Amino acid sequence: MLRHLSSETFHINLAGIAVGNGLTDPVVQYQHSVDMAFNSYNVSLLDERGIEDMRKAQPVCHELILRCQKERLMCLDAMEFCFGTLEGPYYQSGRNPNDIREPCAEENVMKCSHVEHIDQYLNSPAVLEELGVDVHKSKPWRECDATVGAGFVFDEMVSSANDVKLLLDSGVRVLVYAGDGDLMCNWVGNQAWVMALDWSGKAEFNSAPNRPCYLGELGCGSCTCVRELGVFSRVQLRPHGTDGSACRLLRDD
């Protein structure tokens, strides 16, 4: 879709994108992995030894990710090392990786993500018919599929930040949001890459105040947005367990 912004190609009327707890710029984000050990909910995720081990691993991970940007064959090494040393320890903490306020006793922590209703909805006959899915040729929808994910192992550690810059400089609206209790691509790393992004509105956006964010009358966290620029918003969500809030965030921002 980004390429279609060029006048030489077929036009797609792309008005905006939203990135929720995304891994957009691993070069920046993985430098903030240990930050979630000191979270706003005072949930203990690592002991002192675990924190120290993670701090020692961060520069090694960073170097591997930098090499991945130039040598795609290094990307698998980067993913395996960074995940094993900077994400894996959190998943052994007994907490839900999508919401650290909740305990998680499952051996496969992804089972604590509460996505069953999404699978049921997207596999429902009405939705399949509306989307034109041929049920005889297509597999059922799954929120997490290791086989599909394996096809992206060489892409996961490649930065997409420059693509976001091109979108912003082309006038496409971008919303970046992250839950402050979510370990998956945490909010600290998301805030860091957003602030580091070298785009035309960087100075004005980075100097804008961080203010409380509301969805209706519900306080949901904090946000940064420059209405005069009209293109870039950063939201740090405080989870309330309501999918309706996320829907309103995408609709109203």
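The opening position of the sequence shown corresponds to residue 1 in the UniProt record's numbering, with each subsequent residue numbered one higher. By construction, the Cβ of each residue, glycine as well, lies at the ideal position given by its N, Cα and C atoms. Here the structure is a predicted model, which is why all the values come from computation and not from measurement.
Residue i burial status per 10 Å Cβ neighbour count (16 or more: buried)
i: serine 33; result: buried
i: leucine 197; result: buried
i: phenylalanine 10; result: exposed
i: glutamine 120; result: exposed
i: alanine 15; result: exposed
i: glycine 241; result: Caution is warranted here: a pLDDT of 48 is assigned to glycine 241, below 50, making its placement in the model unreliable, and no coordinate value can be reported.
i: asparagine 190; result: buried
i: asparagine 42; result: exposed
i: alanine 203; result: exposed
Whole-number beta carbon distance between residue j and residue i, since they are thought to touch under 8 angstroms
i: alanine 126; j: leucine 86; result: With a Cβ gap of about 41 angstroms, alanine 126 and leucine 86 do not count as contacting.
i: isoleucine 100; j: asparagine 39; result: 6 angstroms
i: phenylalanine 154; j: arginine 211; result: Their Cβ separation, rounded to whole angstroms, is 40 angstroms, which puts phenylalanine 154 and arginine 211 out of contact at 8 angstroms.
i: glutamate 102; j: asparagine 96; result: 4 angstroms
i: valine 188; j: aspartate 53; result: So it is not a contact: roughly 19 angstroms between Cβ atoms.
i: glutamine 29; j: tryptophan 193; result: 6 angstroms
Identity of the residue in the options nearest residue i by Cα
i: isoleucine 12; options: Val133, Val172, Ala208; result: Val172
i: serine 159; options: Leu45, Gly16, Thr24; result: Thr24
i: methionine 79; options: His117, Ser222, Pro59, Met157; result: Met157
i: leucine 122; options: Val60, Arg142, Cys104; result: Arg142
i: residue 300; options: Cys213, His136, Met195; result: Missing from the structure shown is residue 300; the chain here goes from 1 to 253 and no further.
i: cysteine 104; options: Asn186, Asp134, Tyr90; result: Tyr90
i: glycine 201; options: Lys139, Asp47, Asn190, Cys225; result: Cys225
i: cysteine 75; options: Glu116, Ala150, Val115, Glu106; result: Ala150
i: methionine 184; options: Val148, Ser113, Asp77; result: Ser113
i: asparagine 98; options: Cys213, His62, Asn186; result: Asn186
Contact under 8 angstroms by Cβ, residue i with residue j
i: isoleucine 65; j: valine 19; result: no
i: glycine 221; j: aspartate 182; result: no
i: phenylalanine 83; j: valine 60; result: no
i: leucine 131; j: isoleucine 17; result: no
i: aspartate 163; j: tryptophan 199; result: no
Can you confirm whether the region 161 to 180 touches the region 129 to 148 when touching is taken to mean that 3 or more C-beta pairs between the two stretches lie within less than 8 angstroms? No: the two stretches stay apart, fewer than three of their Cβ pairs being nearer than 8 angstroms.
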